[in-house]
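Residue numbers (the numbering used here), protein chains in the order written: chain X, 34 to 139; chain R, 379 to 883.
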């Protein structure tokens, strides 16, 4: 860093980890351990959990949870990791309970 | 997009400009460029980035400035204006492995110090059982060994564990201490763990046999002593009213000499500051210089305001002036690369240098628990036998649900008043026991001493800056070796929170 100087151990750690890492170019890749649609068969992707195509993407209720639980997929569902952990708590089976899903306002 | 400077503390020492970023606990040195950048975004409501760029479009070093701004964002010093507060950090994976168990081996004492909280109206412990009978004043060897077993089991995969003996006067129950140490060393050998011991004593019972034992088992010892004879004897007396100084000093000197010869662990003096007894520098000179203590730590007396020994607000500020004077002495020593024994300042400098950012003010209930003479578990030694804060028993185990409830309630995210305070990473709301005595709620922040804590943290920061200017190598002794290895390897560590949220070092 040219105009900002890390003094304590924490600043040096952030400099080492965040800044230097941020300056490296990375291809977009699956996190480690790998998960996602290429390594895990999940309803909503290439094949469904039974190996067939019956449970694939349509209707939307079927793959709703796959939009945030198991795989990176840029769908408009609330962020269940940090801000709205319980948004779908009252909806155990989306096919039946979709109407009871909470509304989440950003 | 608007950016704004986040909570921070700036300080200039010997013409060098520093900043402490509260969100990340990073300490950074600024030059003219970074100072002007921080100024530019330290405005109410933040500043529009596009506007700032067009204002600076003609600057020769625009690329540099933009890179520096990015770095400030990474350090948590500048953040998007109105950024949603980071989600409240969850507790670490529970059950959290225990590291330290404080055994209250006795409630009895052979002194009658006039300010003792064990006997004052501030005492929160209740020594009577539900049926009205009185609890055992001494911990049995059996309970002590059971406590050791509890610690080893609760420590899970943790390799280092510590057993601290507390009282009353701990050495009144020397037999139990010996039994616990023997049992703990046996278990440590069998399970390939490292066990350390520490003890607090008034030094009246430091016989040759006791000294041999403490030195050979490498005890860390804290001696309660308040200063020279006149200062010490004012409160630390026998029941008869006779002061204890004359009796303890030869014993302390013998102990220190024997410990030095054996290259033992540092011996600390623990000073209680009371009204009229706030001459910190003089006390330090006596205890460190004349008696030979390696370290001297100062603590204000815990007391209701009405007591004649209670510290007034004025006394607290006198103490801070004295701490500042002793910090001068510290800086001189550090510049010459000599360690200094002002332990309050050592603690603050270590935490500032490592960049500690606490989610809880101390380890009570987390890595540390207290045990009463009958084996009841309390959040710490000060809470044992306080029914409300009992979290189990060494015989039956820890009440994990109560532990979790307390830790969630005491988490910094619940202490809204602390969220705008730059000293938050070190203070985290302050002592649970103090809060309980003041507000009858251990999880409340100690708002009565905020100003003082901010001034003390500021003194710590300035002292840190001065040492970093004069002899930065001095601070190597305070480094967290694990974190240093991580930074050196530039390997991401698990769960590393991004700058600006709440890292958990």
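Cβ coordinates follow ideal geometry from the N, Cα and C atoms, glycine included.
Compute the beta-carbon to beta-carbon distance between residue i and residue j, rounded to the nearest angstrom, for a pair I have assumed lies under 8 Å.
i, j, result
"residue 745 of chain R", "residue 785 of chain R", "Wrong, their Cβ atoms sit about 11 Å apart, outside the cutoff."
"residue 652 of chain R", "residue 613 of chain R", "6 Å"
"residue 730 of chain R", "residue 41 of chain X", "6 Å"
"residue 546 of chain R", "residue 487 of chain R", "5 Å"
"residue 418 of chain R", "residue 407 of chain R", "Actually they do not touch by this definition, with Cβ atoms about 18 Å apart."
"residue 734 of chain R", "residue 403 of chain R", "6 Å"
"residue 530 of chain R", "residue 565 of chain R", "5 Å"
"residue 679 of chain R", "residue 689 of chain R", "6 Å"
"residue 551 of chain R", "residue 762 of chain R", "About 15 Å; that fails the 8 Å criterion."
"residue 604 of chain R", "residue 655 of chain R", "7 Å"
"residue 767 of chain R", "residue 756 of chain R", "6 Å"
"residue 427 of chain R", "residue 379 of chain R", "5 Å"
"residue 382 of chain R", "residue 457 of chain R", "7 Å"
"residue 455 of chain R", "residue 397 of chain R", "7 Å"
"residue 484 of chain R", "residue 751 of chain R", "7 Å"
From the DSSP output, which residues share a beta bridge with residue i?
i, result
"residue 458 of chain R", "R:381"
"residue 478 of chain R", "R:540 and R:746"
"residue 426 of chain R", "R:380"
"residue 655 of chain R", "R:652"
"residue 770 of chain R", "R:776"
"residue 390 of chain R", "R:395"
"residue 512 of chain R", "R:506"
"residue 790 of chain R", "Bridge partners of residue 790 of chain R: none, in fact."
"residue 835 of chain R", "Beta-bridge pairing links residue 835 of chain R to no other residue."
"residue 38 of chain X", "R:407"
"residue 600 of chain R", "R:578 and R:646"
"residue 621 of chain R", "R:615"
"residue 400 of chain R", "According to DSSP, which records beta bridges pairwise, residue 400 of chain R is partnered with nothing at all."
"residue 484 of chain R", "R:516"
At 7 Å on the CB atoms, spell out the chain R contacts of residue i, in chain order.
i, result
"residue 121 of chain X", "Result: empty, since nearest Cβ-Cβ is about 18 Å, beyond 7 Å."
"residue 110 of chain X", "Chain R residues near residue 110 of chain X: none, gap ~17 Å exceeds 7 Å."
"residue 134 of chain X", "Result: empty, since nearest Cβ-Cβ is about 21 Å, beyond 7 Å."
Which residues of chain X have a Cβ atom closer than 9 Å to the Cβ of residue i, listed in chain order?
i, result
"residue 857 of chain R", "42"
"residue 403 of chain R", "41, 43 and 44"
"residue 442 of chain R", "35 and 36"
"residue 846 of chain R", "40 and 41"
List the residues of chain X whose Cβ lies closer than 8 Å to the Cβ of residue i, in chain order.
i, result
"residue 446 of chain R", "34, 35, 36 and 37"
"residue 396 of chain R", "40"
Mind pulling the chain R residues with CB within less than 8 Å of residue i?
i, result
"residue 2 of chain X", "Given a span of 34 to 139 for chain X in the structure shown, any question on residue 2 of chain X remains unanswerable."
Under 7 Å between beta-carbons, which chain X residues line up against residue i? List them in chain order, please.
i, result
"residue 411 of chain R", "36"
"residue 407 of chain R", "38 and 40"
Assess contact between the region 806–813 of chain R and the region 780–797 of chain R, defined as three or more Cβ pairs (one per stretch) separated by less than 8 Å. Is contact present? yes
Scan the region 540–598 of chain R and note each continuous alpha helix (DSSP H) run of 4 residues or more that stays entirely inside, going in chain order. 552–569 and 586–594
Residue ranges of each alpha helix (DSSP H) within the region 712–760 of chain R, 4 or longer: 721–732
Completely contained alpha helix (DSSP H) runs for the region 672–715 of chain R, where each covers 4 or more residues: 691–713
The region 677–687 of chain R / the region 699–719 of chain R touching (three or more Cβ pairs under 8 Å): no
Touching or not, the region 540–555 of chain R and the region 564–581 of chain R, by the rule of three or more beta carbon pairs under 8 Å? yes
Taking one C-beta from the region 768–783 of chain R and one from the region 832–846 of chain R each time, how about it: are there three or more such pairs within less than 8 Å? no
Residues in the region 719–739 of chain R with C-beta within 9 Å of chain B's C-beta atoms, listed in sequence order? In summary, chain B is missing from the structure at hand, where the protein chains are X and R.
Please determine if the region 557–564 of chain R and the region 509–524 of chain R are in contact, where contact requires at least 3 C-beta pairs separated by less than 8 Å. yes
Contact the region 435–452 of chain R vs the region 123–135 of chain X: 3+ CB pairs below 8 Å: no
Evaluate contact between the region 654–674 of chain R and the region 594–609 of chain R, counting only Cβ atoms and requiring at least three cross-stretch pairs below 8 Å. yes
Does the structure place the region 844–857 of chain R close enough to the region 707–726 of chain R that three or more beta carbon pairs sit under 8 Å? yes
For a minimum of 4 consecutive residues, which ranges assigned as the alpha helix (DSSP H) are wholly contained in the region 790–819 of chain R? 802–805 and 810–817
Three-pair Cβ contact test at 8 Å for the region 387–405 of chain R versus the region 474–483 of chain R: no
Flag this pair as touching only if the region 505–513 of chain R and the region 663–671 of chain R have three or more C-beta atom pairs under 8 Å; answer yes or no. no
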